[in-house]
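The next block holds one structure in the form of structure tokens; read it before the comments.
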Amino acid sequence: MNVILTFIQQAIGQGIAILFGATGEILTEKSGNLNLGIPGIMYMGGIAGLMGAFFYENGNENPIPVVGLVVAMLCCVAASVLGGLIYTFLTVTLRANQNVVGLALTTFGTGFGNFFGGSISKIAGGVGQISVKVTASAFRARIPVLSGIPVLGQILFSYGFLTYLAIILALVSTYVIRRMRVGLHLIAVGESPATADAAGINVSRYKYTATLIGSAIAGLGGLYFVMEYLGGTWSNNGFGDRGWLAVALVILALWNPANAIWGSFIFGGLYIIYIYIPGLNRATQELVKMFPYVITIIVLIFTSRRNKPENQPPASLGLNYFREER
Amino acid sequence: MNKKHAAGGSVFHLTKRSSISRKKAWAIRFAAILLSLLVCAVFIFMITKQNPLQVYAGIIDGAVGTNRRLWVTIRETMTLLIIAVGLTPAFRMRFWNIGAEGQILMGGMMTAFMMINFGNTIPSGLLLVLILIVSVAAGMIWGLFPAVFKAYFNTNETLFTLMLNYVAIQIIDFCIVYWENPKGSNSVGIINAGTRAGWMPQVFGSDYGLNVIIVILVTILMSLYMRYSKQGYELAVVGESQNTARYAGISVPRVMIRTMMISGGICGLAGAIIVSGASHTISTATAGGRGFTAIIVAWMSKFNPIAMLAVSVFLVFMQQGSIQIASQFGLNENASDIITGILLFFLIGCEFFINYRIERKKESGEG
Chain A
1 MNVILTFIQQ
11 AIGQGIAILF
21 GATGEILTEK
31 SGNLNLGIPG
41 IMYMGGIAGL
51 MGAFFYENGN
61 ENPIPVVGLV
71 VAMLCCVAAS
81 VLGGLIYTFL
91 TVTLRANQNV
101 VGLALTTFGT
111 GFGNFFGGSI
121 SKIAGGVGQI
131 SVKVTASAFR
141 ARIPVLSGIP
151 VLGQILFSYG
161 FLTYLAIILA
171 LVSTYVIRRM
181 RVGLHLIAVG
191 ESPATADAAG
201 INVSRYKYTA
211 TLIGSAIAGL
221 GGLYFVMEYL
231 GGTWSNNGFG
241 DRGWLAVALV
251 ILALWNPANA
261 IWGSFIFGGL
271 YIIYIYIPGL
281 NRATQELVKM
291 FPYVITIIVL
301 IFTSRRNKPE
311 NQPPASLGLN
321 YFREER
Chain B
1001 MNKKHAAGGS
1011 VFHLTKRSSI
1021 SRKKAWAIRF
1031 AAILLSLLVC
1041 AVFIFMITKQ
1051 NPLQVYAGII
1061 DGAVGTNRRL
1071 WVTIRETMTL
1081 LIIAVGLTPA
1091 FRMRFWNIGA
1101 EGQILMGGMM
1111 TAFMMINFGN
1121 TIPSGLLLVL
1131 ILIVSVAAGM
1141 IWGLFPAVFK
1151 AYFNTNETLF
1161 TLMLNYVAIQ
1171 IIDFCIVYWE
1181 NPKGSNSVGI
1191 INAGTRAGWM
1201 PQVFGSDYGL
1211 NVIIVILVTI
1221 LMSLYMRYSK
1231 QGYELAVVGE
1241 SQNTARYAGI
1251 SVPRVMIRTM
1261 MISGGICGLA
1271 GAIIVSGASH
1281 TISTATAGGR
1291 GFTAIIVAWM
1301 SKFNPIAMLA
1311 VSVFLVFMQQ
1321 GSIQIASQFG
1331 LNENASDIIT
1341 GILLFFLIGC
1351 EFFINYRIER
1361 KKESGEG
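As structure tokens, then:
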């Protein structure tokens, strides 16, 4: 029983970073932008939040956890939006190819994270590994009474606030996309920008807004990983391929953020299940770690076979819109 | 201002250039490169507080300062070039092969497999030939999966090839458990360090001479294939319009599968060149993001082999130089990724100014 409890907790803990990334990427893709820079943006968001908290804690005698939290959140969102802005400026305004820009952004963002994560304390004149325990304690704070309930409390209430924020953001995103006028306009932009344009929707503005909001949400995934999962420190390439798993989760979720919630728990579980399967040796563990990707490929193949329109990628995904070339 | 641009709004007016002189196009690219170097200099200055001109002198020294560094720069350039060449036919066909990383790893894995298992039994020359064959085959198979599903089910190839990269990484991790040397180190170490079996032999007095020969040969062959062969023409037609291709009696699935096998095969060969001709080991970092960088190289060069060589030289030069600078200041080598990113953003962005002309509208003129 205890093993199952830990497994569920750990799976959710692994899944939340991916959920932030997937929610952000779904919003972005709904506008027709396939942002392959999301993994880089998540690195940028994570390191920016960490650096913000680091400089705040270094500059104050008695840092207050909540202030550190706010500083970290603001820095994280600012850096993520900057990453999104590079992407949208190049693809929407300068009409460059989306895949090319996205991959360049991931190269840049990953390097940005690893470089500053590895060097920031040295650049600031300190030694050793960067660490922001005070701020991290605010991110890791649990709900006081509820988390004490046995079993139920452990499964439902034993996480920091970013976990609940991730779920709320996913639900809100689904509501906005499915039920609100801006969401329907967004779908129109992603499905057929020319038609949306003719209907008087400002295509560029929708693409910009959706991508920037999506980047900010994705960046929070990086912050979650750094603050809650690692406890306010950095490990080079520690975030690993979670950014790409977020891109994969978009497919598994069939472009619906609410589906990404349970999808992220499944991915999180698959990510760590090798610890829990008895009788695996080191080699077979590596094969089990392949599951998330193989399952994504299978889902991808099945969605391309079925012709349910709402389960398909947005029709203009990956294509830029030039009004003159209609 | 941005939005006004994009919407063709009130202040600026965009027109697509029907043609641009070669001189002007290169002037724009040159300006972009200068601008990117300027931004890099600001970045380097902020980190190191050193005179940027000195830092650039350091970059040049780091890239080509000694004979050894020069050869490393040449080796890395060739590796990036062959991957870009491998990706060319796929992109020409508008097939987004983001899976070069995986195809390189599979080629590298088969190379390491041959070196480890047959290093002592098969004579060196024959072993090298076998290595080249099996690594190409491994890359082909890795390119075949997404091609078949794209051809018959129209499965999104961008995401499919991307996922296969990580499947390949796990396969490498799986193999490392069996190949690790010494036991428990979780790394393969230098394979056949004593016998040099399966290593590419020295040519021109350099360990990397053969790399250069193979890469240049493949580049020339690919350029001839794309320009003069019937198959090269067919894949260009499929890239322009699948409907046109069908109407002209070209079998789209066949072209797609064939082209992706060629593309994957060359990337597999790149894996062999990296493992047998450069690192002599295998790890999950063997491809090291070059599969992604090469995509950008191929795209930006518009598949022109000379331009691909030029872009590869420029990127690798800056990377090697900034790695040197970073280690001088005790900073980590990921600085080179930031530099690469900045350079790429400018190079990608400047294409817009080559393709479009921006004119200021007259006050009275309404769009």
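Protein sequences appear in the order of chains A and B.
The opening residue of the first sequence carries number 1 in our numbering; numbering runs sequentially from there.
The opening residue of the second sequence carries number 1001 in our numbering; numbering runs sequentially from there.
The beta carbon of each residue, even a glycine, is placed where N, CA and C say it ideally should be.
Rounded separation between S1241(B) and I1295(B) - CA only = One C-alpha to the other measures close to 22 Å.
Could you spell out where the beta strand (DSSP E) holding I1358(B) opens and where it closes?
-> 1356-1360 is the extent of the beta strand (DSSP E) around I1358(B).
Backbone CA spacing between G1125(B) and F1292(B) [nearest angstrom] = 32 Å
By Cβ distance below 6 Å, which residues in the same chain neighbour L1095(B) in space, the five residues on each side in sequence not counted?
-> The amino acid at residue 1095(B) is misidentified as Leu; the sequence shows Phe. The beta carbon of F1095(B) sits closer than 6 Å to those of E1157, all from its chain and outside the five residues before and after it, given in chain order.
In its own chain, which residues sit with a C-beta less than 7 Å from the C-beta of V189(A), not counting the 5 before and 5 after it?
-> S31, G32, A196, I201, V203, Y206, K207
Would you kindly report the start and end of the unbroken alpha helix (DSSP H) that includes F322(A)?
-> Here F322(A) belongs to no alpha helix (DSSP H), and DSSP marks it neither H nor E.
Do you know how far the Cα of S1322(B) is from the Cα of F54(A)?
-> Put simply, the backbone Cα of F54(A) is about 26 Å away from that of S1322(B).
Please report the Cβ distance between I251(A) and L1159(B), rounded to the nearest whole angstrom; I am assuming they are in contact, meaning their Cβ atoms lie under 8 Å.
-> 6 Å
Can you give the Cα-Cα distance for V1313(B) and W1299(B), rounded to whole angstroms?
-> 15 Å
Selection from M1163(B), R1360(B), T1155(B), G1119(B) that minimises the alpha carbon distance to A1193(B) | G1119(B)
Contact under 8 Å by Cβ, I8(A) with G243(A) = The Cβ-Cβ distance between I8(A) and G243(A) does not fall below 8 Å.
Quick check: the region 73-88 of chain A against the region 215-235 of chain A, are there 3 or more CB pairs under 8 Å?
-> yes
Among the residues of its own chain, which have a CB less than 8 Å from the CB of V67(A), if the five just before and after it don't count?
-> Counting only Cβ-Cβ distances below 8 Å, and skipping sequence neighbours, we find Y56.
List the DSSP bridge partners of V1203(B).
-> S1206(B)
By Cβ distance below 7 Å, which residues in the same chain neighbour P1253(B) in space, the five residues on each side in sequence not counted?
-> A1151, Y1152
Go through its chain and collect everything with a Cβ distance to R1246(B)'s Cβ below 8 Å, but skip five positions before and after it.
-> V1252
Please report how far the alpha carbon of S1036(B) lies from the alpha carbon of G222(A), in whole angstroms.
-> 28 Å
Considering only the beta carbon of each residue, do N1211(B) and R1075(B) sit closer than 8 Å?
-> yes
Residues from the region 1296-1310 of chain B in contact with chain A, defined by Cβ distance under 7 Å | I1296, W1299
Alpha carbon to alpha carbon, how far is T303(A) from M1163(B)? Give it in angstroms, no decimals.
-> 15 Å
So is V1177(B) in contact with chain A if we call contact Cβ pairs under 8 Å?
-> yes
Go through the region 94-161 of chain A residue by residue and report every complete run of the alpha helix (DSSP H) that reaches 4 residues or more, in order.
-> Counting only runs of 4 or more residues that sit fully inside the region 94-161 of chain A, the alpha helix (DSSP H) segments are 98-123, 133-140, 152-156, in chain order.
Could you list which residues in chain B have their beta carbon closer than 9 Å to that of I47(A), in chain order?
-> Going along chain B, no residue has its Cβ under 9 Å from I47(A), so there is no contact; the nearest lies around 11 Å.
Exposed or buried, which one is W1199(B) when buried takes at least 16 other CB atoms within 10 Å?
-> buried
Residues of chain B with CB under 7 Å from E324(A), in chain order?
-> Against E324(A), the close residues of chain B are K1016, in the order they occur along the chain (beta-carbon pairs closer than 7 Å).
Report the three-state DSSP secondary structure of T303(A) (helix, strand or coil).
-> helix
Contact set between Q1170(B) and chain C, taken where Cβ atoms lie within less than 7 Å | Reference to chain C is not applicable here, since the protein chains of this structure are A and B.
Taking K1016(B) as part of the beta strand (DSSP E), name the residues at either end of that continuous run.
-> 1012-1016
Please specify which runs of the alpha helix (DSSP H), each continuous and at least 4 residues long, are wholly inside the region 1053-1134 of chain B, giving them in chain order.
-> 1067-1092, 1100-1118
Jot down the residue ranges of each uninterrupted alpha helix (DSSP H) in the region 1291-1350 of chain B, minimum 4 residues, whole runs only, in chain order.
-> 1305-1328
T1111(B): which of L1269(B), L1343(B), V1255(B), R1022(B) sits nearest, CA to CA?
-> Distances from the CA of T1111(B) to each of L1269(B), L1343(B), V1255(B), R1022(B) were compared; the closest alpha carbon is that of L1269(B).
Look at the Cβ atom of D1143(B), then the Cβ atom of G1264(B), and state whether they are nearer than 8 Å.
-> First, the amino acid is wrong: residue 1143(B) is Gly here, not Asp. In contact: G1143(B) and G1264(B) (Cβ atoms closer than 8 Å).
Whole-angstrom Cβ separation of I167(A) and L5(A), contact assumed at under 8 Å?
-> That pair is no contact at about 19 Å.
Nearest residue (CA-CA) to A396(A), options Y276(A), F89(A), L36(A) = As shown, chain A starts at 1 and ends at 326. That puts residue 396(A) outside it, with no answer to give.
Test: P313(A) CB closer than 8 Å to a CB of chain B | yes
Just checking my contact of I1338(B) with V1039(B) at CB under 8 Å: how many whole Å lie between their CB atoms?
-> About 11 Å; that fails the 8 Å criterion.
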